[in-house]
Each structure stands twice: as C-alpha cells, then as structure tokens.
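Novice: Using the working numbering, the letters of the sequence shown map in sequence onto residues 34 to 166.
Quick one: the structure is below, questions incoming.
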Amino acid sequence: MRRNSPVRTHRVSKIHGGESSEAWRSEGLPLTTSSNDAAKMFDATLTQYTGWYDDSSVNGIKGSVSKMLAADPNFVMGHVISCGLDLISSGKGIHTDQELKGSMLSLEGLGARSNITKRERLHVEAVKEWAVG
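Here it is in structure tokens:
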C-alpha cells in the first residue's frame, strides 16, 4: 500500500487510532460494541483502506484489524470489514480457504444476534452474498 497517499485524511494518526463509539453514534452510525478500542480500530482500518495507505501508528491495516478483533471478538462490523477485506484483497474464497470459511461462519453467527442494528445486519448479508458469489 502507498504510504503518503494524497487522499489521506490524517484522522487515524491525529487521534491515535480513529473515532470512538460515541463519535460513530453521533454521526448516526452506531456500532454494536462495548469496546471503544474496537471502534477506534474499525475507524483506523476503514480510514486506511479508503485512503489506500498503511498508518504505522496502528501497524497498518493488518495491525488495526488484529487489534480491533482482539478488543472485541464479537464486534460484528469488525468481522464484516475483516472478511470483506479478505474477499477483496486476495484470491481467497470460502470454497477453497477453510480459514475464510470459518471466519464467514463466525460472521453469520454474529449477524444472527438480535442486538445488532439493521445497518449492521445488512452489511453482514452483503458480505455473505459476496462470499458465495
């Protein structure tokens, strides 16, 4: 990934990890997580992906995804972005990659929970559709 992309927003390094759960909620995009760190790492991951760069303060996209899922292993949008990035950035597929298949099964389980938002549920469904082709 390019390091100093001209489209970089600087949000990640500016606040050491991205926007908090409250910041997402105030934008009308609540995240179902009890972990502010997970929300910040979600923001860091999304910001790096859309800006097409790796931010060394969070060890790049791989680092922010790892920290995000460690902070809240049940964070549905964390699994959405993790699986989505795997699908878009590799030749992996659920029919040939058992690790990705397992991740997708975990995502489906999280998507079946009643406490997630409709928007989160739609994201789960979109990644599921993408994975099966």
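We put the CB at the ideal spot given by N, CA and C, even for glycine.
#1: I'd like to know if the region 104 to 111 and the region 144 to 157 are in contact, where contact means that at least 3 CB-CB pairs between them fall below 8 Å.
#2: Taking Cβ to Cβ, would you say A72 is nearer than 9 Å to W85?
#3: Quick check on this structure: which residue in S115, A103, D105, A104 has the alpha carbon closest to the alpha carbon of I94?
#4: How should T80 be labelled, buried or exposed, when 16 other C-beta atoms within 10 angstroms of its C-beta is the threshold for buried?
#5: Measure the C-alpha to C-alpha separation of E162 and G117 and round it to an integer number of angstroms.
#6: Where V113 and S136 are concerned, what is the direct C-alpha to C-alpha distance, given to the nearest angstrom?
#7: Between which two residues does the alpha helix (DSSP H) harbouring L64 extend?
#8: So, under 8 Å CB-CB, E97 and T78 are touching, yes? Tell me the CB distance rounded to an integer number of Å.
Specialist: Result, derived from the coordinates:
#1: Yes, they touch.
#2: As a first step, residue 72 must be located in the sequence shown, where it is residue number 39. As a first step, residue 85 must be located in the sequence shown, where it is residue number 52. No, the Cβ-Cβ distance between A72 and W85 is not below 9 Å.
#3: In the sequence shown, residue 94 corresponds to position 61, counting from 1. It is S115.
#4: On the sequence shown, position 47 is the one that residue 80 refers to. Buried: at least 16 other Cβ atoms inside 10 Å.
#5: By one-based count along the sequence shown, residue 162 stands at place 129. By one-based count along the sequence shown, residue 117 stands at place 84. E162 and G117 have their C-alpha atoms roughly 11 Å apart.
#6: Along the sequence shown, one-based indexing puts residue 113 at 80. Along the sequence shown, one-based indexing puts residue 136 at 103. Spanning the two alpha carbons is a distance of roughly 10 Å.
#7: Taking the first residue of the sequence shown as position 1, residue 64 is located at position 31. L64 -> no alpha helix (DSSP H), and no H or E assigned at all.
#8: Taking the sequence shown and counting its residues from 1, one reaches residue 97 at position 64. Taking the sequence shown and counting its residues from 1, one reaches residue 78 at position 45. In the sequence on display, residue 97 carries Ser and not Glu. About 4 Å separates the Cβ atoms of S97 and T78, confirming a contact at the 8 Å cut-off.
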